[in-house]
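Below is one structure, written out as structure tokens; the observations come after it.
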Amino acid sequence: MEIKYIEKVKKAFEMVHTKKPLVHHITNYVTVNDCANITLAIGASPIMADDIREVEAITSISSALVLNIGTLNERTVQAMLAAGEKANKLEIPVVFDPVGAGASELRNRTTEQILEKVQLSVLRGNMSEIRFIAGLEASTKGVDASDADINSGLAAGCSISETIAKKYGCVAAITGETDIVSDGQHTLLLENGTKLLSGITGTGCMCTSLIGSFCGATEDFLVAAAGGILCMGIAGEAAAEKVGKEGSGSLHKAIIDSVSNMNAEIFTKRAKIHEA
Amino acid sequence: MEIKYIEKVKKAFEMVHTKKPLVHHITNYVTVNDCANITLAIGASPIMADDIREVEAITSISSALVLNIGTLNERTVQAMLAAGEKANKLEIPVVFDPVGAGASELRNRTTEQILEKVQLSVLRGNMSEIRFIAGLEASTKGVDASDADINSGLAAGCSISETIAKKYGCVAAITGETDIVSDGQHTLLLENGTKLLSGITGTGCMCTSLIGSFCGATEDFLVAAAGGILCMGIAGEAAAEKVGKEGSGSLHKAIIDSVSNMNAEIFTKRAKIHEA
Amino acid sequence: MEIKYIEKVKKAFEMVHTKKPLVHHITNYVTVNDCANITLAIGASPIMADDIREVEAITSISSALVLNIGTLNERTVQAMLAAGEKANKLEIPVVFDPVGAGASELRNRTTEQILEKVQLSVLRGNMSEIRFIAGLEASTKGVDASDADINSGLAAGCSISETIAKKYGCVAAITGETDIVSDGQHTLLLENGTKLLSGITGTGCMCTSLIGSFCGATEDFLVAAAGGILCMGIAGEAAAEKVGKEGSGSLHKAIIDSVSNMNAEIFTKRAKIHEA
Chain A
3 MEIKYIEKVK KAFEMVHTKK PLVHHITNYV TVNDCANITL AIGASPIMAD DIREVEAITS
63 ISSALVLNIG TLNERTVQAM LAAGEKANKL EIPVVFDPVG AGASELRNRT TEQILEKVQL
123 SVLRGNMSEI RFIAGLEAST KGVDASDADI NSGLAAGCSI SETIAKKYGC VAAITGETDI
183 VSDGQHTLLL ENGTKLLSGI TGTGCMCTSL IGSFCGATED FLVAAAGGIL CMGIAGEAAA
243 EKVGKEGSGS LHKAIIDSVS NMNAEIFTKR AKIHEA
Chain B
3 MEIKYIEKVK KAFEMVHTKK PLVHHITNYV TVNDCANITL AIGASPIMAD DIREVEAITS
63 ISSALVLNIG TLNERTVQAM LAAGEKANKL EIPVVFDPVG AGASELRNRT TEQILEKVQL
123 SVLRGNMSEI RFIAGLEAST KGVDASDADI NSGLAAGCSI SETIAKKYGC VAAITGETDI
183 VSDGQHTLLL ENGTKLLSGI TGTGCMCTSL IGSFCGATED FLVAAAGGIL CMGIAGEAAA
243 EKVGKEGSGS LHKAIIDSVS NMNAEIFTKR AKIHEA
Chain C
3 MEIKYIEKVK KAFEMVHTKK PLVHHITNYV TVNDCANITL AIGASPIMAD DIREVEAITS
63 ISSALVLNIG TLNERTVQAM LAAGEKANKL EIPVVFDPVG AGASELRNRT TEQILEKVQL
123 SVLRGNMSEI RFIAGLEAST KGVDASDADI NSGLAAGCSI SETIAKKYGC VAAITGETDI
183 VSDGQHTLLL ENGTKLLSGI TGTGCMCTSL IGSFCGATED FLVAAAGGIL CMGIAGEAAA
243 EKVGKEGSGS LHKAIIDSVS NMNAEIFTKR AKIHEA
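Protein chains in written order, with our numbering: chain A, 3 to 278; chain B, 3 to 278; chain C, 3 to 278.
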């Protein structure tokens with residue numbers, strides 16, 4: 003079973019390289035450069051555009067849309083909704099990263115609006131964000147998951163991701179020490195990564211961009227979510243082995259390196275994925 | 003006396019690591035990624051949020067607020083004022099970086115507004131920016147200090163920082179070849195750093211984020227300002243020794259590395275701090 | 003002839019280092035940090051400012067203005083037009099990077115507005131963007147040139163750049179595998195660079211910032227455009243030789259390193275430039 007998913011991810015990865023999908027991002031200004039570079043590193047092509055007067059046009063020429071509310075504002079929220087609705091009309095996959103959901107009413111309301119008005123292909127967040135979306139008690143620490151939420155347990159996480167996946171008809175991914183991905187029918191556990199990733203801003207955002215890149219190349223969104231998360235986790239591991247002791251600046255650079263060097267053999271060798 | 007301050011800084015540094023304070027930034031889009039990464043590197047947690055509808059909520063859950071007008075606009079200036087006033091109500095420390103004060107009427111007026119409406123804990127700028135705030139002749143070169151201002155002398159600088167500290171009831175820090183930090187009673191001179199830092203954008207902004215991280219963990223803002231500036235200076239020195247000859251891209255990365263590797267021993271070994 | 007241009011570029015390069023021109027950027031939030039750092043690396047000084055209430059003031063103290071529509075919006079487009087018109091009044095050179103022209107009506111209309119209202123010194127784009135401006139069939143792929151446009155041929159490219167240069171009274175530069183620079187009278191071909199540059203976001207934007215830096219130091223805009231493009235191409239080559247196998251994160255860092263290490267000898271040794 004494990005091998006089945008690794009083979010599917012490898013195939014999807016090859017399709018990213020072959021198709022080089024254009025991935026439209028409406029995202030935050032903190033990690034946007036890393037999102038663009040990691041999209042290129044995986045073999046896709048990024049375009050960032052957030053003016054309401056062009057987002058529908060840009061989405062229309064793209065193969066996937068990534069929405070990320072890391073530094074949302076009134077102008078960009080309207081653009082996200084317009085782009086999301088356009089993507090739905092054209093059956094272009096939409097990936098949503100509810101950064102900081104739970105941390106402010108604005109983020110909560112915007113998350114609800116996007117979930118209500120846009121049919122997502124993949125929703126990816128940390129445990130606090132996804133617990134908020136599930137209507138559970140969540141104690142976010144800004145844009146990071148709180149320790150209490152992280153320790154709420156794997157079984158609970160699987161249950162939450164399944165419930166969310168069914169409720170919103172999308173793949174729901176919770177990233178953390180063990181990543182959980184569910185389409186409501188199948189729930190996968192992914193165990194790559196390193197704690198050092200939390201010392202660099204934007205590893206969640208970059209993961210979402212990688213998922214968006216996969217979604218631009220395959221219609222199997224469970225595999226796309228697993229593929230993006232595996233890429234990020236494996237890249238983090240490889241980077242940590244190589245330069246983890248040098249510090250977080252070196253690790254940051256090495257993560258992009260590792261994604262740009264990713265290949266099928268590395269997936270075979272490193273990927274840790276199994277059904278829950 | 004020197005040893006007293008180093009010990010205080012070391013203690014504050016340990017408190018940053020223990021408390022991991024959330025530091026709310028309303029800052030510019032040029033150096034924001036570096037500000038987030040250096041905040042993580044020192045052991046704190048960054049959150050960037052600038053929409054007027056959420057800044058008060060985000061400030062409320064934070065341990066410090068950093069205001070930086072590097073790429074100010076009408077929308078973000080209003081957000082800065084609202085967040086600053088909220089921070090004051092909740093007694094959350096506010097650190098202000100008046101980037102480019104003196105370079106345009108907008109920056110001048112905004113700087114004045116923030117100084118008037120928000121009680122600061124620390125004000126950090128280069129010699130041109132602080133001279134402008136002091137009402138002295140200042141000839142800024144965009145966002146960098148002019149040579150004339152830099153050469154206006156250390157004694158004058160000490161006097162200015164003391165005057166500003168007393169006038170605004172905050173710690174006033176002027177960073178340059180010798181950094182000057184004053185709370186109006188005590189004035190400290192810090193001599194770490196390297197000229198190579200001026201070849202990388204955002205070293206001033208990053209320094210301000212480090213000060214914000216310290217302010218989130220200690221109420222001794224003189225020590226917090228000294229701690230943040232020492233971290234940046236020592237990190238710059240260490241990075242320059244290691245990769246200074248490779249070029250400014252490598253130095254940029256190595257500065258983040260050095261901050262993420264900072265520890266009490268390094269402060270003891272390297273910190274150059276004494277009262278004026 | 004080749005030697006003549008290399009000598010002129012070397013002289014202009016020295017002038018950048020001597021004059022350290024302030025270069026006002028109104029640019030996108032994706033690659034802005036790299037634009038600032040590469041401007042510093044070449045020896046100039048960047049300032050990013052986009053609020054309509056200050057752009058004229060900032061342009062007035064600058065030696066060159068760079069306009070880049072990578073993430074344009076209503077607010078920044080107005081700022082670009084105001085800054086451009088101010089620059090024209092003060093005879094400050096303006097460099098324009100029409101990122102993604104052809105990809106949306108907003109980008110097309112904005113490009114036309116800037117071309118109509120602002121007298122440019124240099125226009126730099128990829129083959130799809132410049133073909134769009136020339137009114138030719140263009141099939142942009144987001145912010146990257148399409149394969150069809152890239153393969154439209156060198157002779158056609160020379161003809162297009164000459165025509166555009168004459169029509170808009172500026173230097174027109176098309177960057178790609180072979181870069182083409184024309185002032186309508188002389189057309190130069192530049193052959194430095196590496197395909198690996200396309201794996202990093204913002205190499206086009208950085209190239210435009212380098213051109214802006216040169217324009218702030220010399221009035222010979224043909225030489226300025228050639229100089230900026232040569233710097234970027236040579237830096238890319240040197241970086242690829244050094245760390246190309248490590249991955250795109252390392253290459254990114256090494257490009258900035260190479261620009262910060264650029265000198266006259268390296269131009270003599272590496273520059274490949276000749277008249278068409």
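Even for Gly, the Cβ is constructed at its ideal location relative to N, Cα and C.
Test: residue i CB closer than 8 Å to a CB of chain B
i: A105(A); result: yes
i: L108(A); result: yes
i: L92(C); result: no
i: N194(C); result: no
i: I202(A); result: yes
i: D181(A); result: no
i: D185(A); result: no
Strand pairing of residue i, partner residues [DSSP]
i: A66(A); result: V25(A)
i: A175(C); result: R126(C) and V183(C)
i: F269(C); result: Paired residue(s): none; F269(C) is not in a bridge.
i: A96(C); result: Before going further, note that residue 96(C) is Val rather than Ala in the sequence given. For V96(C), which the question treats as bridged, DSSP gives the partners L67(C).
i: E282(C); result: What is shown of chain C runs 3 to 278, which leaves residue 282(C) out entirely.
i: D146(B); result: K143(B)
i: I49(B); result: H26(B)
beta-carbon residue i near the ligand NAP non-hydrogen atom, thresh 7 Å
i: G45(A); result: In terms of ligand content, the structure shown is empty, and the ligand NAP therefore cannot be addressed.
Cβ distance (whole Å) where residue i is taken to contact residue j below 8 Å
i: N263(C); j: G201(B); result: The pair is not a contact, with the Cβ atoms about 11 Å apart (cut-off 8 Å).
i: A227(C); j: V183(C); result: 5 Å
i: A242(C); j: T196(C); result: 4 Å
i: V25(B); j: S62(B); result: In fact, because the Cβ distance is near 14 Å, the residues do not count as touching under 8 Å.
i: T33(A); j: N35(B); result: 6 Å
i: P48(B); j: A38(B); result: 4 Å
i: I135(C); j: A167(C); result: Actually they are not in contact, since the Cβ atoms of I135(C) and A167(C) sit about 11 Å apart, beyond 8 Å.
i: L198(C); j: H276(C); result: With 8 Å as the limit, L198(C) and H276(C) do not qualify as a contact, their Cβ atoms being about 24 Å apart.
Min CB distance residue i to chain A below 8 Å
i: V34(B); result: yes
i: K143(C); result: yes
i: I116(C); result: no
i: A219(B); result: no
i: A43(B); result: yes
i: L24(B); result: yes
8 Å Cβ cutoff, residue i in contact with chain C
i: N75(B); result: yes
i: N70(A); result: no
i: N7(A); result: Contrary to the premise, residue 7(A) reads as Tyr rather than Asn in this sequence. So no, Y7(A) is outside the interface.
i: A1(A); result: Residue 1(A) is absent from the structure shown; chain A starts at 3 and stops at 278.
i: L198(A); result: no
i: D99(B); result: no
i: D146(B); result: yes
Chain F within 8 Å of residue i, Cβ atoms only
i: P100(A); result: This model lacks chain F altogether; the protein chains it does include are A, B and C.
task = Using a Cβ-Cβ cut-off of less than 8 Å, list which residues of the region 244 to 274 of chain C approach chain A; keep chain order.
result = E248, G249, S250, G251, S252, H254 and K255
task = Anything in the region 150 to 175 of chain B with a Cβ closer than 9 Å to a Cβ of chain C? List those residues in chain order, please.
result = none
task = Check whether the region 152 to 159 of chain B touches the region 194 to 211 of chain B, counting contact only when three or more Cβ pairs, one atom from each stretch, lie closer than 8 Å.
result = no
ask   = If we count Cβ pairs, one from each stretch, closer than 8 Å, do we get three or more for the region 69 to 85 of chain B versus the region 177 to 195 of chain A?
value = no
task = Check each residue of the region 45 to 65 of chain A: if its Cβ is closer than 7 Å to any Cβ of chain C, include it; give the result in chain order.
result = S47, P48, I49, M50, A51, D52, D53, R55, E56, A59, I60 and I63
request  = Evaluate contact between the region 97 to 117 of chain B and the region 69 to 77 of chain B, counting only Cβ atoms and requiring at least three cross-stretch pairs below 8 Å.
outcome  = yes
task = Could you tell me whether the region 20 to 34 of chain A touches the region 228 to 237 of chain A, using the rule of 3 or more Cβ pairs below 8 Å?
result = no
key: Cβ pair count under 8 Å reaching 3, the region 10 to 19 of chain C against the region 50 to 57 of chain C   = no
request  = Decide if the region 256 to 276 of chain A is in contact with the region 244 to 259 of chain C; the criterion is three or more beta carbon pairs, one per stretch, under 8 Å apart.
outcome  = yes
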